[in-house]
Amino acid sequence: MKYVAFLRAVNVGGRIVKMDVLRGIFEKLGLTEVSTFIASGNVIFESPADPIDLELAIESTLKKALGYEVTTMARSIENVSAVVDTVQGRDFGPGNGVTLYVGFLKDRPSRAAARAVAGMSNEVDSLLVIGQEVYWRCQKGFSDSTVSSPRLEKVLGTPATFRNFNTVQKIAAKYAVAPKR
Numbered sequence: 094m095k096y097v098a099f100l101r102a103v104n105v106g107g108r109i110v111k112m113d114v115l116r117g118i119f120e121k122l123g124l125t126e127v128s129t130f131i132a133s134g135n136v137i138f139e140s141p142a143d144p145i146d147l148e149l150a151i152e153s154t155l156k157k158a159l160g161y162e163v164t165t166m167a168r169s170i171e172n173v174s175a176v177v178d179t180v181q182g183r184d185f186g187p188g189n190g191v192t193l194y195v196g197f198l199k200d201r202p203s204r205a206a207a208r209a210v211a212g213m214s215n216e217v218d219s220l221l222v223i224g225q226e227v228y229w230r231c232q233k234g235f236s237d238s239t240v241s242s243p244r245l246e247k248v249l250g251t252p253a254t255f256r257n258f259n260t261v262q263k264i265a266a267k268y269a270v271a272p273k274r
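Numbers given in my numbering equal positions in the sequence shown, counted from 1, plus 93.
In structure tokens form, the structure reads like this:
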């Protein structure tokens, strides 16, 4: 199965990792067809393993190799494509100065947490949790947002890593699995 590992806080805040080093770490785990997509911690690979087992193995290996924890959210490429479909099927897509971010969550939040996040929506930010992702539309520049990633993580009760929807869309398009005939 083809997966995307969304790595939290890679190549930000002084935690610089070259993509070839990252690919090598994943290959040493026995993962195949390893590639990276832009230098923001998106690693695509194939594995027959379960996503939760993959997350644990990747996190443990990255901690040993890099010397710090890297929270990992593994999603099948089908899941990433479903995220794109979700956005395209709703009226919160990008356009006219609007930026859309997708937050990949470590764990599925409670319904109460999802409602609390939706309740944080205002004239600048629109937030919606669906499954294990949070969709965050910012009407202005990200720096003008009234919401922050740490605040969202606190309300959700789980770590998250955010990607611009354009990046998610490009990953889904580039790495989509061809239908079996």
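Where is the CB? At the ideal position from N, CA and C, for every residue including glycine.
Helix, strand or coil at E226 according to DSSP, with G and I counted as helix: Locating residue 226 in the sequence shown gives position 133, where the first residue counts as 1. Here E226 sits in strand by DSSP.
Could you tell me whether the stretch 112-124 touches the stretch 194-206, where touching means 3 or more Cβ pairs closer than 8 Å? no
Considering only residues of the stretch 147-204, which uninterrupted alpha helix (DSSP H) runs meet the minimum length of 4 residues and lie entirely inside it, listed in chain order? 170-181
So the candidates are V177, G160, W229 and T239; which of them puts its Cα closest to the Cα of R108? As a first step, residue 108 must be located in the sequence shown, where it is residue number 15. For the residues V177, G160, W229 and T239, the minimum Cα distance to R108 belongs to G160.
Same chain, Cβ closer than 7 Å to V176, five either side skipped, listed in chain order: Translated into positions along the sequence shown, residue 176 becomes position 83. Here the set comprises V195, E226 and V261.
Can you tell which of G250, L193 and S133 has its C-alpha closest to the C-alpha of G106? Sequence index remark: in the sequence shown, residue 106 carries index 13 (1-based). Residue S133 is the option with its Cα nearest to G106.
Can you name the start and end residues of the beta strand (DSSP E) that A253 belongs to? Here the question's residue 253 lines up with position 160 in the sequence shown. Per DSSP, A253 belongs to the beta strand (DSSP E) from A253 to N257.
Since V180 and Y228 should fall inside the 8 Å C-beta cutoff, what is the C-beta to C-beta distance between them, to a whole number of angstroms? If you number the sequence shown from 1, residue 180 lands on position 87. If you number the sequence shown from 1, residue 228 lands on position 135. With a Cβ gap of about 7 Å, V180 and Y228 count as contacting.
According to DSSP, simplified to helix, strand and coil, what is V97? Locating residue 97 in the sequence shown gives position 4, where the first residue counts as 1. Of the three classes helix, strand and coil, the one that applies to V97 here is strand, per DSSP.
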